[in-house]
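Going letter by letter, the sequence shown gives residues 11 to 567 in the working numbering. Beta carbons are placed, not taken as given, at the ideal position from N, Cα and C, and that holds for glycine. Remember, predicted model here, so these are calculated numbers, not experimental data.
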Amino acid sequence: MRKAFLAAVAVLLATPAFADTLIDNARGIQIGADGKLQRFRALVVNDKGKVVQVLRDGQTAVMPIERTVDVGGRTLLPGLIDAHGHVMGLGIAALQLDLVGTSSVANLQQRLRAYASARTSDPWLSGRGWNQELWTDSRFPTAADLDAAVSDRPVVLERVDGHALVVNSAALKAAGITAATKDPVGGKIERDASGNPTGLLVDAAMDLVASKVPPSTPEQLAQALAKAQEQLLSVGVTAAADMGTSAADWAAMQAAGQSGKLNVRIMSYAFDVQNMRAVVPNGPTPWLFDDRLRMGGIKLYADGALGSRGAWLKKPYADKPDTRGLQFLKDEELLAKAEEAAGKGLQVAVHAIGDAANAQAISAYEQLTKRYGNQRRWRIEHFQIADPADIPRLAPAGIIASMQPTHQTSDRLMAEKRLGPDRLAGAYAWQSVLKSGARLAFGSDFPVESPNPFPGLSAAVSRQDANGQPLGGWIPEERVSFEQALAGFTRDAAYAGFAEQKFGALEPGKWADFIIVDTDVAAADPQEIGKTQVLQTWVAGKKVWQRPASGTAERGR
C-alpha cells in the first residue's frame with residue numbers, strides 16, 4: 011500500500027505544473043454581465059485554453075506565468091460572435107462565380123462568360139450575389155440574359171439574399187419547368203405576358219432547379235468549410251450560429267472537428283425537419299471537440315425576402331400592390347414543425363422578415379410557451395419588418411430577436427420603395443426591441459452580407475452606411491449604444507445559442523477566445539469602427555490567424 015502511494019506521489023511530482031500564459035499590455039474591452047463597458051489590461055490563460063484571471067491596472071497574476079504575450083498596447087476584444095450566418099454557404103460562395111457588386115445585366119453577363127470559359131468541363135455553372143436593386147433599371151435578370159452569355163449548359167445564379175434564382179434555358183429544361191408548371195406552395199415562378207417562365211424562381215420555386223444541381227462532394231464541402239473559417243477568423247468571428255445545417259454540412263463539420271481543423275465554434279441549427287430527423291432525432295447533441303460544435307436547434311422559414319418580394323406582409327407592397335409576398339406555411343403547419351422540435355428539447359428559430367410572418371411566428375411561440383414556459387429562448391431570425399403593435403409580444407413569450415445591422419444599411423432605399431413612407435415604424439427596430447424588454451442578438455447573415463462584424467457594429471450605433479449616409483442616421487431613434495451593440499455581437503449572441511457559460515465574454519472558466527484589433531472601438535466614431543482591422547485571432551488560448559506584421563511580441567519565461 012505504501013509503495014503504491016509513493017509511486018503515485020512520484021508521478022504527480024514528475025508531472026509539469028500547468029503552464030499559464032499572460033496576455034499582457036492590452037487595451038482590453040468587453041461588456042460585463044451588467045451591460046456596462048469593462049476595461050482591462052491583461053488575461054491569464056491556462057494550458058487548456060481557458061481564462062483564469064482578468065487583470066485590471068494594478069492587479070497581478072496569482073499563478074506562476076510560463077509565457078508572456080505582449081500585445082503592445084493594442085485593443086483586445088472577446089472573439090466576436092455572428093448570431094446568424096450560413097457557414098457552408100459562405101465557403102461554397104468562395105468557390106463559385108462571385109456576382110456581388112455587379113452593376114448591370116451586362117456586367118453580370120461579362121462575369122459569367124469569363125467564368126464559363128475558365129471552367130469548360132463543369133457540367134453546371136453556379137454563382138451568387140447579384141442584386142438588381144443596384145442596377146440603373148432595377149429589373150430582374152432573365153433566362154434570355156443568361157442564354158446570351160452561356161447556353162450550352164445549365165446556369166444557376168442565386169440572388170444576394172438567397173431567396174431567388176435566375177437560371178438559363180438549359181437549366182429550365184433540365185428541371186422540366188414550362189408554362190404548365192404550377193407555382194409550388196411558398197414559391198413563385200416568374201412568367202412573361204404569355205405565361206412562359208422568365209427564368210426567375212423565387213423561394214420554394216428555387217428547389218425545382220436546385221434539386222437537379224449535382225450535390226457537393228465531401229471533398230468540396232471540406233474545402234468550403236476551410237474557406238469559410240479562414241474568412242471568419244480574418245474578421246474576428248470566433249463563433250457563429252449556422253442557420254440551416256444540412257446532414258451533409260454536419261458531416262463535414264464533424265470531420266473537421268475530428269481532424270483538428272475546426273477553429274470557429276459553430277452553434278448549428280438543422281435546416282427544417284428532415285435534417286433534424288436525420289442528425290438529431292432524439293434531441294440536441296452535446297458540445298463536441300472542446301465546445302467547437304453542437305447542434306441544438308432547428309431553422310424554419312415563415313416567408314422569403316424583401317428584395318425578391320417574398321417577404322410576407324400584412325398589407326400589399328407599395329411598389330407592387332397585387333402581392334403581399336409569400337406565406338410559406340399555414341399557421342398549423344408552422345406550429346406542428348416547431349412543436350416536433352420543441353418536444354425533443356431543441357431550440358426553435360424561425361426566419362421571418364415581413365410583418366405578417368413575424369406576427370405568425372410570435373403567435374406560434376406564444377402557444378408553445380403555454381406548454382414549455384418562456385425560458386426556451388425561441389428565436390425569430392431577422393425580425394426585419396415588424397408591426398409596432400407586435401413588438402411588445404416578444405418578451406412575455408421569451409422570444410429573442412436575432413437581427414443583422416448591415417441589412418438596414420443595405421436595404422434602406424429598397425425598404426422605402428417596398429413599404430412606402432408610412433410603414434417604416436417597425437423596420438429594423440433594434441432599440442424598440444430592447445426597450446420592450448426582449449433580448450437582441452446581432453449577426454450578419456453571411457454570405458448575404460459580409461461576415462465582417464465591424465460594419466455591423468458601426469451600423470448599429472449610427473444607422474448609417476460606410477459613407478455616413480444618411481446624415482443623422484435612418485430612423486435614428488432605433489440606434490443602439492456601443493455597449494448594446496457590442497453585447498449583441500458577444501454576450502447576447504452567445505446567450506441566443508445557449509452558449510453563454512462557455513464563450514461570449516472573457517471571464518474565469520470560459521474559453522480564451524479573443525481578438526486583437528487596430529482601433530479602440532469604444533472610443534472611435536462609427537465610420538472608424540466600420541474600418542477596424544483584425545490583427546490576430548485567438549481561439550482557446552491559441553493564435554489561429556494573424557495579419558502580417560501585427561506588431562506583437564512573445565517571450566518565454
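Less than 8 Å between the CB atoms is what I'm expecting for residue i and residue j, so what's the real figure, rounded?
i	j	result
Ala407	Tyr375	5 Å
Pro461	Leu118	About 23 Å; that fails the 8 Å criterion.
Lys309	Ala359	5 Å
Ala399	Val443	So it is not a contact: roughly 14 Å between Cβ atoms.
Pro518	Val81	That belief does not hold up - the Cβ atoms of Pro518 and Val81 are roughly 20 Å apart, past 8 Å.
Phe338	Ala312	6 Å
Phe492	Leu90	Rounded, the Cβ-Cβ distance is 14 Å, inconsistent with contact.
Leu336	Gly197	7 Å
Leu254	Val458	According to the sequence shown, residue 254 is Gly rather than Leu. No, Gly254 and Val458 are not in contact; Cβ-Cβ is about 12 Å, not under 8 Å.
Val544	Gly246	4 Å
Pro294	Arg304	7 Å
Leu211	Val177	7 Å
Thr604	Asp528	Past the boundaries of the shown model lies residue 604; the chain is included only from 11 to 567, so the question cannot be answered.
Val219	Trp260	Not quite, the Cβ-Cβ distance comes to about 24 Å (not below 8 Å), so this is no contact.
Could you please give the first and the last residue of the uninterrupted beta strand (DSSP E) stretch that includes residue i?
i	result
Met286	Premise fails: Met286 lies in the alpha helix (DSSP H), 282 to 289, not in any beta strand (DSSP E).
Arg572	It is not possible to answer for residue 572, since the shown part of the chain is limited to 11 through 567.
Gly197	197 to 201
Arg449	449 to 452
Met98	Element bounds for Met98: not the beta strand (DSSP E) but the alpha helix (DSSP H), 97 to 105.
Glu391	389 to 392
Ser127	Counting along the chain, Ser127 falls outside any beta strand (DSSP E), though it belongs to the alpha helix (DSSP H) covering 115 to 128.
Gly507	That residue, Gly507, is in no beta strand (DSSP E); it is neither H nor E in DSSP.
Lys445	It is not in any beta strand (DSSP E) - Lys445 instead sits in the alpha helix (DSSP H) that spans 440 to 445.
Ala359	357 to 362
Glu168	165 to 169
Trp140	135 to 140
Ala407	Careful: Ala407 lies outside any beta strand (DSSP E) and carries neither H nor E.
Measuring CB to CB, does residue i end up less than 9 Å from residue j?
i	j	result
Pro224	Pro133	yes
Ser136	Gln106	yes
Ala405	Ser446	yes
Ala396	Asp432	no
Ala328	Met98	no
Val64	Val54	yes
Ala437	Ile485	yes
Leu156	Val170	no
Arg403	Ile372	yes
His361	Ala352	no
Lys222	Ala174	no
Lys60	Lys520	yes
Val531	Phe464	yes
Three-state secondary structure (DSSP) at residue i?
i	result
Thr547	strand
Val72	coil
Leu23	Bear in mind that a pLDDT of 38 at Leu23, under 50, signals an unreliable position, so the model cannot answer this.
Arg386	coil
Gln63	strand
Ala328	coil
Asp217	helix
Ala249	strand
Phe456	coil
Within the continuous alpha helix (DSSP H) that includes residue i, where are the two ends?
i	result
Pro568	No information on residue 568 is available, as it lies outside the stretch 11 to 567 that the chain covers here.
Ala181	179 to 185
Pro88	It is not in any alpha helix (DSSP H) - Pro88 instead sits in the beta strand (DSSP E) that spans 85 to 88.
Thr416	415 to 429
Gln230	228 to 244
Leu434	Element bounds for Leu434: n/a, residue is neither H nor E.
*Is the segment 30 to 37 in contact with the segment 82 to 90, if contact means three or more CB pairs nearer than 8 Å?*
Verdict: yes, contact present.
*asked:* Using a Cβ distance threshold of 8 Å, determine whether the segment 235 to 252 contacts the segment 199 to 218, with at least three qualifying pairs required.
replied: By the Cβ rule, the segment 235 to 252 does not count as touching the segment 199 to 218, because fewer than three pairs are nearer than 8 Å.
_Validate contact between the segment 342 to 358 and the segment 483 to 497 using beta carbons, cut 8 Å, 3 pairs_ = Three or more Cβ pairs closer than 8 Å define a contact, and the segment 342 to 358 falls short of that threshold against the segment 483 to 497.
*Spell out a yes or no on whether the segment 254 to 269 and the segment 470 to 485 are touching, meaning 3 or more CB-CB pairs, one atom from each, closer than 8 Å.*
Too few Cβ pairs lie closer than 8 Å, so no.
_I'd like to know if the segment 176 to 194 and the segment 214 to 222 are in contact, where contact means that at least 3 CB-CB pairs between them fall below 8 Å._
Judged by pairs of C-beta atoms under 8 Å, the segment 176 to 194 touches the segment 214 to 222, as three or more such pairs exist.
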